[in-house]
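Below: the structure, in structure tokens.
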Amino acid sequence: MVSMLSAVRDLNRLREIVGVLVRHGFGEIVSRAGLGRIKGPKKEGTMSLPPPGPDDTASIVVSFEEQQTGEVERTRMSFAERVRLAIQDLGPSFIKLGQIASTRTDLFPPDVIVELKKLQDKVPPVPFDEVRGVIESSLGGRIEELFKNLDEKPLATASIGQVHRATLTTDDGDIDVVVKVQRPNVGPTIARDVELLHIMAAAIERAIPESRIYSPTGLVHQFDRSINTEIDFLTEADNAERFSRNFAGVPDVKFPKIYKQTSSKHVLTQEFFDGKKLDRAIADGADGKRIAKRTLALIIKMIYEDGFFHADPHPGNVIIMGTNDEPIIGLIDVGMVGRLSPELRDRSVDLMIAAGRQDSYAVADALLQIGKPTKKFDMREYRAEAAMLAEKYLGRPLKEISLSGMIRDLVQAGTKYGIEIPTDYMLVGKALMTVEGVGKEVYPDLDVYSEATPHFTAILRKRFSPQRLGNELWRGIEQISRVGYDLPIQAREVLDDIRHGRLEIATPNPNLPKAADRLGRRVFAGLVISASILSGGFLVQSTRPIVGYVILGLGAAVWLVHLAGEAGRVIRREG
């Protein structure tokens, strides 16, 4: 624990985190992980706890009153509710972590997922003087020189930054833009919290083995990658430009244009979408059926065709422009994205096509191709589990099938059998779930699977198009030619190693260290006992029998200790 505390640059923040966890009924986790100690009630005539010393392994002391508050909360609220409340109290970094955790249906039970989805970034706006400081220091000029005007009142605020309307003068004239400004010092704050999260996750996994099923360290690593990408606004700029290229030929989908001359790592200037939020557009008469179908089509194109998709397409990130009869869908806030490799895209489409054919074995095989088995399992049992899911989803009319629900349950079934699903595939489930919910909200009769099937069929047709098959054939020929070039060189190197005696063949044996240790103990005991018998017997026959008997006794003692040790190891192994 001393090394852990010395590694933490802000001990006060760790004390704050520990206090929040205890107040929400997680005192046992704090104690078992070695993050702190609970101070008992002070009774009359007894002494209080001494102050912790430098070598105290529980240097953070939590009051008995906080512990009592946590116990009361445990009796009043469910575990899932307490998790959400604790995360809310811990601040923006932990809220972001909770939002990422809400996508991990493979790790957490449904009630926890439901509560995590309620987490929102509700933070007060940054004073404009501080916003001005960030803009001018980041862009290297005064606001009056950079923008024709900039509204001091923010359009929206979040934990990472806030957005202001502005007018930018360009070669094409004055352009309405929005300026996203990172909150002051948010980078160091997040870095501090991420450091603490890494330390706490490792401590929890080490001290509480049953917590490993939730993979605390893996979740924190995922959060670390995601949050560091999100606080770099230039990455979001690159994402927006890539989405614009992918949808260049689609007139009813738009992504904001980025103005890089007034953008940096901490400031992002982008096109202002003059439209309405989704709910307002529907209330004003926009075609909900068209919006629902178009939104589903664009998310399928992103995920299964481009392999580059908006990971958080909630209604707040959707702007409806155009007319009521011909709506144009604008997507904003593209800092968090997911990526699927071409191989993973193919396997994902195979899974959807198999679901459409109501082929449970093909669904099971496709999921196995998507994931990576981490342990040996019974394929028949695994396929039986897939058949049970088939009864839940595939036996229904197509309009009643939930794509996101099917993916969620399939992932949970795969996890049960030790199939590790890629993190980005979890984001696929979240994106589909969000779009399904939005689509059915604006058009309740949306038949998700029937609308999606033609898109999957078209993608499958492209996979077996002459152009793609030709590219794959050419790639295979190139690989064979490289092998033909490299093989003689590698064969000559192997023959040279054989001729000079440098060739070694290593066969790993996981039981070898234990066997060598056991053999060493037996050889050592045998040598000591043999030497004791020989030397003791010689001395008994000579003029010093007492010394001889002592040496024989030592030999017998070593023998008994060796037998006891071997018996103990056998009992532990069989137990």
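To convert, note that position 117 of the sequence shown is 1348 in the working numbering; the numbers rise steadily by one, no gaps. Even for Gly, the Cβ is constructed at its ideal location relative to N, Cα and C. Keep in mind that this is a model prediction, so the values were computed, not measured.
- With a 10 Å radius around the Cβ and a threshold of 16 neighbouring Cβ atoms, Phe1478 comes out buried.
- Following the DSSP letters along the chain, one finds Ala1434 inside the alpha helix (DSSP H) bounded by residues 1417-1438.
- Three or more Cβ pairs closer than 8 Å define a contact, and the region 1496-1509 meets that threshold against the region 1398-1408.
- Judged by DSSP in its simplified three-state form, Asp1543 adopts coil rather than helix or strand.
- Contact check between the region 1510-1528 and the region 1416-1436: fewer than three CB pairs, one atom from each, fall below 8 Å, which does not count as touching.
- If you draw a 10 Å sphere on the C-beta of Ile1326, you find 16 or more other C-beta atoms in it, and that means buried.
- DSSP assignment within the region 1644-1720 yields no whole beta strand (DSSP E) run of 3 residues or more.
- For Ile1551, the beta-bridge partners assigned by DSSP are Lys1507, Ile1560.
- Linking Lys1348 to Lys1603 through their CA atoms gives a straight-line distance of about 27 Å.
- Of all alpha-carbon atoms in Thr1526, Ala1644, Leu1465, Arg1775, the one lying nearest the alpha-carbon of Asn1548 is that of Thr1526.
- Here Val1498 has Val1365, Ile1366, Ser1369, Leu1370, Val1410, Lys1411, Val1412, Gln1413, Phe1464 as same chain residues with Cβ atoms under 8 Å from its own Cβ, once five neighbours each way along the sequence are excluded.
- By the Cβ-count criterion, Asp1360 is exposed, with fewer than 16 other Cβ atoms from all chains shown falling within 10 Å of its own Cβ.
- A contact is defined here as three or more CB-CB pairs under 8 Å, and the region 1574-1589 meets this definition with respect to the region 1598-1615.
- Val1362 and Pro1415 have their C-alpha atoms roughly 8 Å apart.
- If you ignore the 5 residues before and after His1429, its C-beta comes within less than 6 Å of the C-beta of Val1451, all in its own chain and listed in chain order.
- DSSP, read as helix, strand or coil, puts Lys1520 in helix.
- Note on Arg1706: under 16 other CB atoms within 10 angstroms of its CB, so exposed under the neighbour-count rule.
- For Gln1299, the closest C-alpha among the options Glu1574, Gly1256, Asp1590 is that of Gly1256.
- In this structure, DSSP gives Val1357 a state outside helix and strand, which the three-state scheme calls coil.
- With a beta-carbon spacing of about 4 Å, Thr1398 and Lys1379 fall inside the 8 Å limit used to define contacts.
- Per DSSP, Ile1406 is not a residue of any alpha helix (DSSP H); the beta strand (DSSP E) it occupies stretches across 1404-1413.
- By the Cβ criterion, the region 1648-1666 is in contact with the region 1553-1569, since at least three pairs of Cβ atoms, one from each stretch, lie closer than 8 Å.
- Across the set Ile1531, Phe1454, Ile1764, Asp1382, the C-alpha of Ile1531 shows the shortest separation from the C-alpha of Leu1691.
- One thing to note: Glu1346 has its Cβ within 7 Å of the Cβ of Glu1312.
- The C-alpha of Phe1486 is placed about 12 Å away from the C-alpha of Met1552.
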